[in-house]
RNA sequence: CGGGACGUGGCGCAGCCUGGUCAGCGCGCCUGCCUUGGGCGCAGGAGGUCCCCGGUUCAAAUCCGGGCGUCCCGACCA
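In this note's numbering, the protein residues as written are 56 to 631.
Below you can see the structure in the form of structure tokens.
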């Protein structure tokens, strides 16, 4: 491929709008351009990378026995009403009407469509199992699109759905997808971690996320240093402290003390000369059902995902100052659980306290010596806080650390949630009608492209693994005006293409420095430079983008050498 | 939707506070010469409704009001 004929509008300077490395470099390398917030054009070079990711995904999905389909991007509202999600999906679902005034949406995911397809076509256990996937643009009207391709509104996703006669078969498929995903991310050269995850609004019983480790990641995960336990922080369980003091023996009754204008945990701790772990935060939440109070120790953070799950609610928002006053009789900062007439959910660490400080439900006052078990009318004690790096691993008790990651894959066991809603059934061997068991498996294809750059770059530009690079080899002639060099370079280029190498021939009338800079920026793994001097000696220079290692290869050995390197690097895995 | 920042040739920015030769700089682009191993040099040139609408004023990129858009920090997710 001739560089001069491709649209590769590289930028010398960083675009002001890009913060994240991958976003910056994708723009600078001329791979993407923004059309609107969270919506991007893929230029030729960017599309090549995207196609490489797709290719890996396709090969592994097919190998695992899945079949590719292509479902519509635009979906009728009826299906979503049938599953109940037209109501609950919220503003993220892009809704519109066609010319007849029929409600439609742009698909953010395809459970309804695929289930509808399968319920029409599958009627017998003999037709199961079935594993179908597609690679397609999704649209989710994200609250805040961010970091270029990492959180776009329109993005390329591989979504797969499997259908089974029973749970055991669904589980086997889940495992097969788990394995396929591991292979996919390995082949993409990513350093990643598989974590236990919350299944979220897509629903289902349990799930795993595949996280690419990166400091810029939006997700936090807890990872055990000793065993292979890892979980999304939203999900990571807290093991209750071993010793539970229970009701303290004959401690004195709670007492109100004046704490004028002392609201935050830090202020209370300083004012009363206690540590944050002796303080109980009382958080008043509104839900779509009733308001509730959640009790968390002063040095801990609530985990709203856990609270939502416990309460079985979709909406959970901290009550505003006015509501807090209404419900507790005090200003924000002085709410307390003693005598509070709301359902009270206490974190297990709160229940274990013997004498705590809480708000007094009276402005400018707190209670001391509160014994939660004795003094608070607790509705339920549960694990409601977010783990910290100090918490032990729930599996082996080992030490944990908190890491950042970019979610690139998510697999769910759906059970019969959708088959039930959409009445997707089959007849079993006994002629009995049964709901189909389902699984669902997603991969953020465009996100992988960005994640690979987050992990693979230096101050000169991108560093792609061979499997994802837009080209395998860059061929740079030094003095194209020199007829002999020109001729030799052209024939070398032709020979490389003939040999099946993906080569980008920089035939531009530019100085060498410009070509080197662009070549580094684009992240092409191998660079071959030929000039009058090297050619006269019968050599070409080969440089590896990743290591900078440079060798001189005799021209007659060049092709086999390159082919060998490419073969080798295609199979390399990132070190985790 | 809360909090912060921003909007000036294709890109990065200055000018705005203190209205008036301020429409300017660097990069990129075009032409010519020169140069050819890390974004070279010289000369000439093209290109802008200063985000939009309204107001104040003799006069607005600059001050005021209202929109729109973008980015960053928090609640959503591949």
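Backbone N, C-alpha and C fix where the C-beta goes; we use that ideal spot for every residue, glycine too.
Take residue i as the anchor and find which of the options has the nearest alpha-carbon.
{"i": "residue 281", "options": "533, 448, 590, 72", "result": "448"}
{"i": "residue 613", "options": "602, 600, 424, 593", "result": "593"}
{"i": "residue 495", "options": "469, 584, 339, 503", "result": "469"}
{"i": "residue 111", "options": "573, 548, 529, 521", "result": "521"}
{"i": "residue 602", "options": "578, 595, 345", "result": "578"}
{"i": "residue 95", "options": "106, 81, 188, 107", "result": "81"}
{"i": "residue 377", "options": "386, 573, 371, 90", "result": "386"}
{"i": "residue 127", "options": "79, 422, 343, 169", "result": "169"}
{"i": "residue 537", "options": "557, 571, 591", "result": "591"}
{"i": "residue 651", "options": "335, 88, 183, 444", "result": "The requested residue 651 does not occur in the structure, where the chain is confined to residues 56 to 631."}
{"i": "residue 633", "options": "180, 113, 441", "result": "Because the chain here runs from 56 to 631, residue 633 falls outside it and cannot be looked at."}
{"i": "residue 98", "options": "525, 605, 580", "result": "525"}
{"i": "residue 139", "options": "156, 167, 119", "result": "167"}
{"i": "residue 238", "options": "180, 427, 108, 393", "result": "108"}
{"i": "residue 460", "options": "487, 556, 270, 371", "result": "270"}
{"i": "residue 622", "options": "90, 384, 556", "result": "556"}
{"i": "residue 333", "options": "152, 366, 317, 422", "result": "422"}
{"i": "residue 221", "options": "199, 243, 181, 244", "result": "181"}
{"i": "residue 356", "options": "381, 370, 328, 405", "result": "405"}
{"i": "residue 132", "options": "226, 350, 152, 225", "result": "152"}
One question on the structure: do residue i and residue j come within less than 8 Å of each other, judged by their Cβ atoms?
{"i": "residue 466", "j": "residue 232", "result": "yes"}
{"i": "residue 358", "j": "residue 289", "result": "yes"}
{"i": "residue 348", "j": "residue 397", "result": "yes"}
{"i": "residue 161", "j": "residue 124", "result": "no"}
{"i": "residue 248", "j": "residue 276", "result": "yes"}
{"i": "residue 76", "j": "residue 267", "result": "no"}
{"i": "residue 490", "j": "residue 474", "result": "yes"}
{"i": "residue 560", "j": "residue 56", "result": "yes"}
{"i": "residue 215", "j": "residue 319", "result": "no"}
{"i": "residue 158", "j": "residue 315", "result": "no"}
{"i": "residue 104", "j": "residue 523", "result": "yes"}
{"i": "residue 61", "j": "residue 498", "result": "no"}
{"i": "residue 618", "j": "residue 554", "result": "yes"}
{"i": "residue 587", "j": "residue 540", "result": "yes"}
{"i": "residue 569", "j": "residue 533", "result": "no"}
{"i": "residue 241", "j": "residue 628", "result": "yes"}
{"i": "residue 149", "j": "residue 194", "result": "yes"}
{"i": "residue 479", "j": "residue 407", "result": "no"}
{"i": "residue 373", "j": "residue 340", "result": "yes"}
{"i": "residue 147", "j": "residue 72", "result": "no"}
{"i": "residue 564", "j": "residue 535", "result": "yes"}
{"i": "residue 457", "j": "residue 444", "result": "yes"}
Does DSSP classify residue i as helix, strand or coil?
{"i": "residue 56", "result": "coil"}
{"i": "residue 95", "result": "strand"}
{"i": "residue 231", "result": "helix"}
{"i": "residue 159", "result": "strand"}
{"i": "residue 545", "result": "helix"}
{"i": "residue 521", "result": "coil"}
{"i": "residue 345", "result": "coil"}
{"i": "residue 145", "result": "helix"}
{"i": "residue 426", "result": "coil"}
{"i": "residue 496", "result": "strand"}
{"i": "residue 262", "result": "strand"}
{"i": "residue 78", "result": "helix"}
{"i": "residue 351", "result": "strand"}
{"i": "residue 619", "result": "helix"}
{"i": "residue 179", "result": "strand"}
{"i": "residue 100", "result": "helix"}
For the putative contact between residue i and residue j, defined by C-beta atoms under 8 Å, what is the C-beta separation to the nearest angstrom?
{"i": "residue 352", "j": "residue 430", "result": "About 16 Å separates the two Cβ atoms, so there is no contact after all."}
{"i": "residue 390", "j": "residue 416", "result": "6 Å"}
{"i": "residue 482", "j": "residue 171", "result": "Wrong, their Cβ atoms sit about 19 Å apart, outside the cutoff."}
{"i": "residue 279", "j": "residue 455", "result": "5 Å"}
{"i": "residue 361", "j": "residue 439", "result": "5 Å"}
{"i": "residue 530", "j": "residue 551", "result": "7 Å"}
{"i": "residue 425", "j": "residue 331", "result": "Contact doesn't hold; Cβ gap of about 15 Å is too wide."}
Which same chain residues end up closer than 6 Å to residue i when comparing Cβ atoms and leaving out the 5 residues on each side of it in sequence?
{"i": "residue 543", "result": "590"}
{"i": "residue 229", "result": "468, 494"}
{"i": "residue 173", "result": "218, 479"}
{"i": "residue 59", "result": "562, 563"}
{"i": "residue 446", "result": "293"}
{"i": "residue 567", "result": "533"}
{"i": "residue 101", "result": "86, 87"}
Among residues of its own chain, excluding the 5 on either side of residue i, which ones have a beta-carbon nearer than 7 Å to its beta-carbon?
{"i": "residue 434", "result": "398, 399, 400"}
What residues in its chain sit with their C-beta under 8 Å from that of residue i, if we drop five residues either side in the sequence?
{"i": "residue 204", "result": "77, 78, 81, 87, 95, 210, 501, 502, 504, 505"}
{"i": "residue 616", "result": "597, 608"}
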